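One line per chain: the protein sequences are A and B, in this order.
First residue of the first sequence? That's 1 in the numbering used here, and the numbers climb one at a time after it.
First residue of the second sequence? That's 279 in the numbering used here, and the numbers climb one at a time after it.
Think of the CB as a built atom: it goes at the ideal place given N, C-alpha and C, for glycine as much as any other residue.
Note that the coordinates shown come from a computational prediction; the quantities given were computed from them, not determined experimentally.
Read through the structure below, which is laid out as C-alpha cells, and then see the notes.
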Amino acid sequence: MKHYLLNKTLGAIACGLGLLPMAPAAAEHNPLPETAIAQHRHSADPEIPAGFTPLPGVEPEYHGDQTYGLLLFEQLEYRSQQGENSVNWEINGWRGGDYQRLWLKSEGEIGTETGDGEQETQILYSKLITSFWEFQTGLRYDYEWGEDSNKDRFLGVVGLQGLLPYKLETDAAIFISEAGDLSARLSLERQLLLTQKLILQPELEVNLAAQSVEEFGIGSGLNDITLSARLRYEVNRNFAPYVGLDWSRKFAGSADYSRAEGESVENWSIAGGVRLLF
Amino acid sequence: MKERYTAISRRQLLKLATGFGVSVGLHPLLQRSARATGVASPMLGELLPIDRYPNQIDLKVFQEQIKIGDRQSNAITVNGTVPGPVIRLKEGQIAKINVSNELDSETSIHWHGLILPATMDGVPGISFNGIKPKTTFSYEFPVNQNGTYWYHSHSGLQEQQGHFGALIIDSLQPEPFSYNRDYVVMLSDWTEEDPHQVLSNLKKVSTFYNYQQRTIAHFSEDADWARMRMDPTDIADVTGATYTYLMNGMAPANNWTALFKQGEKVRLRFINASAMTYFDVRIPGLKMTVVQADGQNVQPVSVDEFRIAVAETYDVIVEPEESKPYSIFAETMDRSGYARGTLSPQMGLVAAIPPLRTRPLRTMADMGMDHGSHGDHGGHGPKQQDKPIDHKSPQMDHGGHGMQAMPNANHAEHNMSEMNSSPAMDHSGHDMHNMDTAPAMDHSGHDMRQMDDGGADLGEAVPHGPDHHGVGNAGVPMMVKNRLHEPGIGLESTPDHKVLVYTDLRSLEPGSDGRSPDRELELHLTGNMERYMWSFDGKKYSESPILQFYYGERLRLTFVNDTMMEHPIHLHGMWMEIDNGAGAYKPRKHVLNVKPAEKCSVEVNVDVTGNWAFHCHLLYHMEAGMMRTVAIVERPMGEQS
Ligand SMILES: [Cu+2]
C-alpha cells in the first residue's frame, strides 16, 4: 500500500511538473472528420492542418514513433577483493520510443564462497526533457541475503540521466525508502578511446544519505565514494571482454557500521568480465 | 553520334541482354533459373540505342538469395537482380508498368525524379496503399521528361535490401551533347545485416558503425567538441564497417567494367542509389564533363571530381585519350570504403586504385560557429558567378563582431588556441580586417521581394532564430549561411583539382517561369544524434505530418540545417530550382544536399495537385521521422498571392 501511495505521489509530482502526459492531448485543433484520419497512423496526436485530405482510398501512415530497445550488460564479471570474491553484474536496459522509455537498472553481487549477496533493481519511467537529459521516476527494490538474515526494502526513485558537457554520462537520483529515509546517488562516467576498439571507461560514484539506516549499514551524510575503471576490448560492439579496477571507501556513519561488522572501510578489487550489448 | 550502333544486329543485342543489364520490355524477362545464378555480367549497365519501346513493362519483386561480392545474401530483387533491370522509356510515351509483389510483405515502387500524377508516385500512405503481397499494381503515366532517373521501393527499409534500379528516359529531341557509348553507373551500399537491425543499433548507440572516432591522442584538441557533446568524426551514420559499396551491383573486387575504344566519348550516368552513403567520384587521369544533374541538362562543367549525395544523379562525359584502363573511383565521404569499376579498352584490365584519403573532421563551421566570411563573398546573386570562388576560404572565421549579442553566446567562449591546433581549421588566406567591418546581422530578416531574381546570399552568415525546436534537436547552430559554393567536407583544399559545387550548376535552358516567389516557407533540418532522432523543425513525421503548399504559387523553400550532418532533401512531384545565383538558369533538382549549418533556398512551382512525399533521402533518417506529406491546398482566403 505504502509503495502504491509513494508511486502515486511521485507520479503526481511528475505530472505537476508537466513531465508526464496527463491525458492524450485533445484533437480540438483538428477539424477533419474522423474518417479522414486513418487509424493506420501510429501517433496519437499528429498536427494535421485543416484542408488536408488524403487521396481517395489512401490510408495515411506516418512513421517516426517506432519502439526500440537496449539491453546492456555493462558489467558481468568476477571480482577479486580482500575478504570474499564475488560475481557482480550491472545491467541497464530500456524499451520505448524517442521521448518516453521504460528503464531497467539492476546491479548486484553474489559471494562465490558463501552465496551471500545483494542486489538492487530499478524500474523507471523515463521522459526526455531536454536534448540530453531524461527525467526518470519509478521504483527500486533492494534485497540482501545471507546466512544471518534476508532483508529487503522498496524505494521510490526520482532522477536525471543524461550527458553533461564533456560527454560525462551522468545518472543522478534521489531515493525515498518506504520508511521515509532519503538518500541520493550520483554517478559519472566517460568513454575514452585508446584505439577504436580499446576503450577505457572511468567511473565515479558517490552515495549520500539524509539519515542513518542501521539495518542496511547506512550512516547519515556521505556514505561512500567509488572510483573505478574498466578497460574493454570491443571484439565488436556487442561483445567486449574487459578488466577492471575498483577502489571504494566508506565515510562517517557508514564507515562506523562497517568497522563494527569487522569489515574494512577501504576496498580495492580487480575484476574481469564481459560487456554485452543486445 | 550514335549512328555506329545501327549496324549492330538484333542477335548481338540479344546476346548482351542475356547479361545483367537488360532493358526491360525490349527483351523477355530473365527466367528464374537464370536469375538464380545471380552473377553479374560485366556488360551490366551499357545502354544501346533501341528503336522500339515496349507498350508494357512487367516487374516482379522477389525476396531471394543472390550473390553479392563473394557471398550469398538475402536480398529483395526486381526481376531477380540487384540493381533491378534498367527501365528504358521514351519521352512522350505513356508508361505502363505492372509491378507484381512476390514478397510476404507490402512493397511499392517510386519513380524517383519523375513528374507524374500523384496517384502514380508510389509512396504508400500518400500516393496509394502500397502493393499487397501476391498482388499486382499497374502504374500508368505520361512520360514528359527525359534523362537519367531511378526507381526504388518506398516501403519500410526495402531500398537498403536492393529494391532499386535505373530508369532512363530517351530524349525526343537530339541531345545537346554527343557521345559514342552510354553506361549506367549505379552506386549503392550493401549490408548483410537486416536493415531494421542497423537502425536499431543506431538507436542504441549512435556511433555504432563509426570506427574512425578520435582517440585520446586528440583529447585536448577535441575539448570543445566534447564540451558541446558532439563528435567531429560524425561524417556518416553507417559506414564501411558493415557496408560493401557496389557499382552496378558489383563489389570492388568484381570490378565492373565499361568498355571504350580510343577516341570515343563515353557517357556515364551516375546514380547514387545508396541508403546512406555519399560518394566522391573521380576517374584519375580523366576530366569529367558534367552535362546533366538529376536528369536535367546543365551547361557543361569540366571537373576532376564530384560529390554525389544520396539519390542524386549526375551524367558526365569522358574522353579517354589513351587506350588504357582508368579506375572509376567512388570513395565514400567518410573514407571508410569505396565502390570501384574500370573504364577499359578491353575486359580484364585494371588500373591503379587510389588510396583512401584521410577521413575529414567536422569543423566549427559545420557547427554553426562560423561567423561568416562576408569579406570574401560580398555580393549577391548572379554577380557571384563572375567571381572565382575561393575554395580555400577559411573553415573557421573568428570574426571579431559582437559574439555576445548572439543567441547561444555561451558557445562562443571557446579557446582559440585549442582551435588553432586542429588540423581541420585552416586559417590560411584569411583576412581578419575585412571581417571586422562586415555587418554581421544586417541581412537577417531580409525581404525576399527586394532580392534580385535568384539572389543567393552566398557565404552570408545569419544568426539562427530563437526557436530551438525542442528536445528532438540537439545542436542549434549559432550562425547559418549559404554554402552552395562550397564543395563540402573533405574536398575543401584541393588546388588544381576542380570539384563540382552547386553554384557551377546552371540550367542549359532558362527557366520557363520568371516569377518571383509568392511566399517563403522556412524549414529547419533537425536532429539529436545522441538518440538518433531526425526531424523537420524538431518534429517527426508522426508528430507533424503535413506541410501545405498552395496550388498555383511559386514557393521559396528555405532550408536551415541545424544539424552537423549533410541531408539530401527530396521533394516528390515538383522540381526544386536551386537558388544558387544562376538567375533564370537555376538548375532543377529533385534532391538538394543541404550542408551542416547551411541556410539555402529552392524555388518550386506548385503546379500539381494531390499529396506528395517530402523527406531526407538518408533512409534511416526518413524512417526515424525526417519526412512530411506535402499537401497541395487552395490558398487560404485572406492570404494574398
Ligand atoms: Cu537526414
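- Taking 8 Å as the CB threshold, E590(B) stays off the interface with chain A.
- By the criterion of a C-beta distance shorter than 8 Å, S822(B) is surrounded in its chain by F814, D815 and R906, once the five residues flanking it on both sides are discounted.
- Contact check between the segment 498-516 of chain B and the segment 580-589 of chain B: fewer than three CB pairs, one atom from each, fall below 8 Å, which does not count as touching.
- Within 7 Å of the C-beta of M854(B) there is not a single heavy atom belonging to ligand 1.
- One finds Y68 in chain A with Cβ atoms closer than 7 Å to the Cβ of K481(B), taken in chain order.
- Excluding residues up to 5 positions away in sequence, V758, H802 and K877 lie with their Cβ nearer than 6 Å to the Cβ of V838(B) in the same chain.
- Relative to ligand 1, H899(B) has its C-beta within less than 7 Å of a heavy atom.
- Taking a Cβ-Cβ threshold of 7 Å, the residues of chain A close to E901(B) are H63, in chain order.
- In this structure H432(B) touches H388(B) by the C-beta definition: roughly 4 Å separates them, less than 8 Å.
- Looking at S149(A), K167(A) and I91(A), the one whose alpha-carbon comes closest to that of G117(A) is S149(A).
- A Cβ-Cβ separation of about 6 Å places I595(B) in contact with V569(B) under the 8 Å criterion.
- If you keep only unbroken alpha helix (DSSP H) runs of at least 4 residues inside the segment 555-624 of chain B, you get nothing at all.
- For P56(A), the closest alpha carbon among the candidates D329(B), F406(B), D382(B) and P363(B) is that of F406(B).
- When C-beta atoms of the segment 849-867 of chain B are compared with those of the segment 611-628 of chain B, fewer than three pairs fall below 8 Å, so the two segments do not count as touching.
- The beta-bridge partner set that DSSP reports for R230(A) consists of Q201(A) and G244(A).
- Listed by position along chain A, the residues whose Cβ is nearer than 7 Å to that of F406(B) are V58.
- Inclusion of L896(B) in the 7 Å shell around ligand 1 follows from its C-beta lying nearer than that to a non-hydrogen atom of the ligand.
- Within 7 Å of the C-beta of H845(B) there is at least one heavy atom belonging to ligand 1.
- Sequence-distant partners of R547(B) (beyond 5 residues in either direction) whose C-beta falls short of 6 Å from its own C-beta, in its chain, are T426, V462 and D593.
- Counting of Cβ neighbours within 10 angstroms places M756(B) among the buried residues, the total reaching 16 or more.
- Between A373(B) and the set I446(B), G903(B) and E831(B), the nearest pair of CA atoms involves I446(B).
- Distance from the CA atom of V779(B) to the CA atom of R761(B), rounded to whole angstroms, is 9 Å.
- With respect to E120(A), E107(A) sits close: the two C-beta atoms are nearer than 8 Å.
- For W890(B), the CB stays at least 7 Å from every heavy atom of ligand 1.
- Set against 7 Å, the gap from the CB of M811(B) to the closest heavy atom of ligand 1 is not smaller.
- Not a single CB atom of chain A sits nearer than 8 Å to the CB of R797(B).
- In chain order, E324, A536, L537, F538, E542, K543, V544 and R545 place their CB closer than 8 Å to the CB of R459(B), counting only its own chain and leaving out the 5 sequence neighbours on each side.
- Remark: C-beta atoms of L465(B) and M525(B) approach each other more closely than 8 Å.
- Considering only G262(A), E113(A), R232(A) and R185(A), the residue with the shortest C-alpha distance to R140(A) is R185(A).
- At least one CB of chain A lies nearer than 8 Å to the CB of T397(B).
- Comparing C-alpha distances from D142(A) to each of I129(A), Q122(A) and I270(A) shows the shortest one belongs to Q122(A).
- Residues of the segment 192-206 of chain A with a C-beta less than 7 Å from any C-beta of chain B: L192, L193, L194, T195 and Q196, listed in chain order.
- Here K105(A) is buried, its C-beta having at least 16 other C-beta atoms within 10 Å.
- Rounded to the nearest whole angstrom, the CA to CA distance from G273(A) to S86(A) is 12 Å.
- Going by C-alpha positions, F892(B) is about 25 Å away from D472(B).
- Non-local C-beta neighbours of P765(B) in its own chain, meaning closer than 8 Å and more than five positions away in sequence, comprise R585, H669, T772, V777, L778 and V779, ordered along the chain.
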